[in-house]
Amino acid sequence: MGIVCGLHLIDDEFIDQFLESPEESENYFLEHYVNPDGKFHNEGENFFYLDKAWDIASFLIVENDTSEEKVLSNLFGQFLKDSDWSYIKTIDVVKKNIVMSQISLQQIDEAYNESKMQDPYVYNAGYFTKTNNWDYILNHVKIIFTAFKKATENGKGIIVYKG
Numbered sequence: 001m002g003i004v005c006g007l008h009l010i011d012d013e014f015i016d017q018f019l020e021s022p023e024e025s026e027n028y029f030l031e032h033y034v035n036p037d038g039k040f041h042n043e044g045e046n047f048f049y050l051d052k053a054w055d056i057a058s059f060l061i062v063e064n065d066t067s068e069e070k071v072l073s074n075l076f077g078q079f080l081k082d083s084d085w086s087y088i089k090t091i092d093v094v095k096k097n098i099v100m101s102q103i104s105l106q107q108i109d110e111a112y113n114e115s116k117m118q119d120p121y122v123y124n125a126g127y128f129t130k131t132n133n134w135d136y137i138l139n140h141v142k143i144i145f146t147a148f149k150k151a152t153e154n155g156k157g158i159i160v161y162k163g
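Counted the way full-length UniProt numbering counts, the sequence shown spans residues 1 to 163.
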């Protein structure tokens, strides 16, 4: 067992609602978005599942941030109040997607540096390695790219759920 991550494409209005009344919104979110039987849990459409290499993938993406503002530095957004979950409003999703769309898989490959992932510690670095698990790690990178692209195309923000 370990920490996995879900990227849920959400309207900014729901994010605002979540910020205003977190407890009520959390229950709705868990029931309708996180629950595999929920009405808004459509994998590949508005939900993107990342298994245990999500932090390694996000590290590799952030390492390739060429923007002056370093928009990818908080790739998974701002934390929701009293929660491990985070959110990214649509405008920030678009900014991040612009930078990510310029990153090649070759650049991702070149950014891999296991020693850099030790301090500060990147979740599962050393367990999943380039030598033994590169396709698995690269698949996570592609899922993140796809989620941000899809959110941009559909004018959505993202709530990141870890659990």
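Ideal Cβ placement from N, Cα and C applies to all residues, glycine included.
1) State yes or no: is the C-beta of Phe40 within less than 9 Å of the C-beta of Leu7?
2) Could you check how far apart the C-beta atoms of Ile158 and Ala151 are, in whole angstroms? I think they sit under 8 Å.
3) If you draw a straight line from the alpha carbon of Ala53 to that of Phe79, how long is it in whole angstroms?
4) Under the three-state reduction of DSSP, which class applies to Tyr161: helix, strand or coil?
5) Are the region 77-95 and the region 119-138 touching, with three or more C-beta to C-beta distances below 8 Å?
6) Counting Cβ pairs closer than 8 Å, one from the region 68-84 and one from the region 17-24, do we hit at least three?
7) Would you mind listing the beta strand (DSSP E) stretches within the region 2-88 that are 3+ residues and don't spill past its ends, in chain order?
8) By a C-beta neighbour count over all protein chains shown, 10 Å radius and 16 as the cutoff for buried, is Asp119 buried or exposed?
Working from what's here:
1) no
2) 6 Å
3) Approximately 20 Å between the Cα atoms of the pair.
4) In the structure shown, Tyr161 sits in a strand (DSSP, three-state: E or B).
5) no
6) yes
7) Complete beta strand (DSSP E) runs here, min 3: 5-10, 47-50 and 86-88.
8) exposed
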